[in-house]
Amino acid sequence: MSDNNKTFLRVVVTRPARQSERLSDLIEAQGGTAIRIPALEISTAPEPLQVKTCFEQLDQYDFLVFISPNAVRFSLAYFAPAQLHEQTTVAIGASTANAMEMAGIHCDVYPRHSFTSEALLAMPEFADLQGKNILIIRGIGGRELLGREFRNRGASVKYAEVYQRSIPAKSKPLLNDVLQNDRANLLTANSVESLLNVLTITEEPLRNKLLELQLVTGSARVVEKAAELGFAHPALLAEGPDDHALMQAIGSWSPPQTDNKITDSTETTMTQNTHEPDEKKPDQPRADATPDAKKTTEASSAGDSDKLAPSATAVVQSAPPPAKKSGAGIAWLALLLAFLAFASSGWTWWQSRQQSDAIAGIDIPTTDEILADVEQETARFNAQVTRQLDGQERQLDDALRQHTDVAASLRTQQRSIETLTDQLAQMEQNLSAMRGVSANIRNTWVRAETEYFLQIANTRLQLADDVNSAVQALRAADERIVALGDPALTPVRAQISEELLALESVPPVDIEGIALSLNSIARGISKLTLKNSAPESLGRNAGTDADKSGWGRAKGVVSNAFTDIVRVSPTDDSQPALLAPEQAYFLYRNLELQIQAARIAAMQQQQQNYTTGIAFALDWLRRYFDPADTGVNVVIERLEQLRGKRVTAEMPDISGSLNMLRTLAPGRSSSALPSVPATEGAGERIQGGDAS
C-alpha cells in the first residue's frame, strides 16, 4: 500500500478498552488514525459464588476449556495455576493459548490454524468423550455449540461464566459523531456480538454511513453476518483474530477509485480557476505617461480594473493645465532653494568633521591583535568544552557501572528468594512431621510466611522497581494461602491475582536501546552539514555624477546628508547568530554534549531531563544545520522518535493484599508470630543490595 493510502486509513477499533491498544499502535505506526470506540465492555460476572463452586471442584474435571483471553484473565481470581495437575487444559485458539501461557497455565490442546468451536470439535482429542467431565470457562451468554456437542459425545459439561459483556455508555455518542462527520472509512469487529452492538448504538439516520464502511474481521461468521446486514463492501477476512493479522488485512485495503476521480476533477477545477485571473489583469501604464497618470492607474488596479482604469485615464486627460508663474517668482524660488542647499551642505560638512575627529581619537586594534584575541578565546572555549565532555563521560561510565552492579544485585536477590522458598518448603515439611505440633501453630507459621512474602513484594517494587522479584514473592504468598486451605482468605487470593495481573501489565522500558541509539547519533554529529555562514552582501549601485546637472548634484548632496543622519535597522533578532567557519567545531561539540546529557538522563531514568535534552538538540539541528542534508533529516526523525519514548514506568500499588491479610487476622501482632531467622536474613540482604 502506498504512503498516500496509509495516511488515508481512519479505522474504528471496536475491541474492549484494555485490548485495543496494540492494534491501535500498529495502525498509527503505519501513518493511519485509530479511533478507539469499544463495542464491548468486559467486567466480572455478577454471581461469583456460583463460579467459585465450580473452581472448588477442579480435581473432578478431565478438561478445562478456556473460550477467550478474557476467560483466562477473569478466572485467575478463583484459582491458582499451581492447582492444576491432571487436568487437560484447552484453548479455543492461539490468542487464548498465549494468554494462558502468560498467566502461568500450560496449554495442552488448541487448534493451530483456526479459533472456532467447530475447529476445536474436529480435533481427535474430543472424538470420544464418554464419561469425561468438562468445565467450560467463558462469559455470560456464549455459544452453546461446544457444550451441546460435548454432551452428545458422552461428556458431562458445566459452565463457569467468569465475566459478562455489555455496551459502554460512552461509545454511542462517539460513534455517531464519527459517522456524522465522515471521520472513518474502516471498521474492525472480531465477533458477531461486537458487530451487532455497533449497529445497535448507531442512530437510524446514520445507518447507511455505517454500512458504507469497509469491515475488517478475523472471523468467517462475522463476514457472513455483515453480508446479511447489508454492508456495501465485502468484508475483509484476516488470517486470524490477532493484531498483526488484522493489521495485515487493513494494510491490503485501498480506497475506492471514485475518490481519486473526485480529487482529479477538483484539481482540474482549481487549475482552471488559477489561470482565470491572468485574463483580467489591468493594462500596465505606458512608459511615456505622466506620474499622476501612473498613480491613478495603479490605484484603479487595486479595485475593479476593467471598470475603473479607463475612467481614471479620462480624468487625467481632462485635467486643466497648470497656470504659468511669473519669471520673478521662479527666480526667487530658485534662490531660496540654492540657499537651503548651501546651508544643508555646510551642516553635513560640519557633522562629518566632528565624526572624523571622534574616530581619530579611537584606538583601533590591528588585525594581528584581533586574531590573537580570537585564538585565545577559542583555546579557552575549547578547554572548557573538553572538560565538560570529560566530566560527562565519567558520569556516564559511573552510571553504567552502577547499572551493572544493580543488575547483578537483583539477580543475586532473586536467587536468594528462590533459595528461601525451598528452605521454607523444607521447614514446612519438617514442622508437619514433628509430633505434638498442633494445626493452629502450623497455620500461624504459614500465615506469617504469607505476610512476609507480601512484604518482600512491596519492598522490592517500591525501593527497586523490581517487577520480577515482586511477582515471584506474590506467587509464593499465594501458594502459602493455598496450603492453608482457609476459605476466609479467598479475598486475599483474589487481590493477589489482580496485583499479579497489574505487575505483568507493566510495560518494559528499553533503557539500553535508548542509550545506544543516542550514543550512535552523537558519534555521527560531526558528519552533518551546517547552514551557509552568511549570505553574500549586496552591493550598492553607485550612479555616476558626470552626467548629472548642477541641480541633480545638489539634490544628491541633500539626499546623502539625510541618509547618513537617519538609518533604519531591523529590530527582529529571531535569527540565530552565525558562527565563523573556525568556530563550527564548537557547534558540533555542543550539540554532541546535549545528546550525551539526554543519554545520561535516560540511564538515570530522569524523564524530564531526557525530554528537555532531546528537545534542545532538535532545536539546534533545525536552527544551525542544513535541512537539505539527508543525514540531518535522518537524525531529526530519529530524535523525534526517541523523544516520545518513556524512560520510566509507573508501578502499580500492590499493598492491598497485605492490608487485607492483616485485616483478616484480628488480634494478631507481629510479636506473636514465630521468628524466622533465615527469612529476616534474606530481607537484610535485599535491603543491603538496594543501599549499595
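Heads up: the sequence shown is residues 600 to 1291, going by my numbering.
For glycine and all other residues, C-beta sits at the position ideal for the given N, C-alpha and C.
Every value quoted in this text rests on a predicted model; they were computed, and no experiment measured them.
Item	Value
Simplified DSSP assignment, three categories, for I733	strand
Element boundaries [beta strand (DSSP E), containing I634]	T632 to R635
For L1117 and R1237, the rounded distance between their alpha carbons	9 Å
Euclidean distance between Cα positions of Q1204 and E620	24 Å
For E976, three-class secondary structure by DSSP	helix
Residue burial classification, L1062 (beta-carbon count within 10 angstroms, cutoff 16)	exposed
Limits of the alpha helix (DSSP H) - the one that Y1223 falls within	Q1206 to Y1223
I641 beta carbon less than 8 Å from that of V611	no
Identified DSSP bridge partners for E640	S765
E1236 (DSSP reduced to helix, strand or coil)	helix
Three-state secondary structure (DSSP) of E1078	helix
Where S755 falls: helix, strand or coil (DSSP)	strand
Beta-carbon contacts of E1013 that lie in its chain and below 6 Å, excluding the five residues immediately before and after	In the sequence as presented, Glu is not what sits at residue 1013; that position holds Gln. Result list for Q1013: S1068, in chain order.
Check whether F654 and F678 have beta carbons under 8 Å apart	yes
D776, buried or exposed, once every other Cβ within 10 Å from all chains shown has been counted against 16	exposed
Bounding residues of the alpha helix (DSSP H) (the contiguous stretch that carries A1201)	A1183 to M1202
Three-state class that DSSP yields for V1105 in the structure shown	coil
Residues near G839 in its chain [Cβ-Cβ closer than 6 Å; skip 5 each side]	G817
Residue ranges of each beta strand (DSSP E) within the segment 660-722, 3 or longer	662-665 and 687-690
Simplified DSSP assignment, three categories, for V1246	coil
Minimum C-alpha distance to I800 - residue among L809, Q987, A826 and K771	K771
C-alpha gap between G692 and S667, whole angstroms	8 Å
Validate contact between the segment 830-849 and the segment 694-714 using beta carbons, cut 8 Å, 3 pairs	yes
Any 3 or more C-beta pairs closer than 8 Å across the segment 749-768 and the segment 778-787	no
Contacts around Y1209, its chain only, beta-carbon distance under 6 Å, and the 5 residues preceding and following it disregarded	A1197, A1200, A1201 and V1246
Under the three-state DSSP convention, the category R1041 falls into	helix
Inter-residue spacing [alpha-carbon to alpha-carbon] between D1252 and L1100	12 Å
Outcome for F941 when other beta-carbon atoms lying within 10 angstroms are tallied against a minimum of 16	exposed
Residue span of the beta strand (DSSP E) that contains T1128, given as start and end	Per DSSP, T1128 belongs to no beta strand (DSSP E) and is neither H nor E.
Which of helix, strand or coil DSSP assigns to I861	No answer about I861 holds up, because its pLDDT of 39 lies below 50 and its placement is not dependable.
Exposure of R648, with buried meaning 16 or more beta-carbon neighbours within 10 Å	Note that residue 648 corresponds to Leu in the displayed sequence, not to Arg. Exposed, by the Cβ-count rule.
Collapsed DSSP secondary structure at Q656 in the structure displayed	coil
D658 beta carbon less than 8 Å from that of T688	no
Given N807 as reference, the closest of T1229, L814 and G829 once Cα atoms are compared	G829
Test item: CB-CB of A754 and K731 under 8 Å	yes
The beta strand (DSSP E) enclosing Q618, as first and last residue numbers	Note, Q618: premise wrong, no beta strand (DSSP E); not H, not E.
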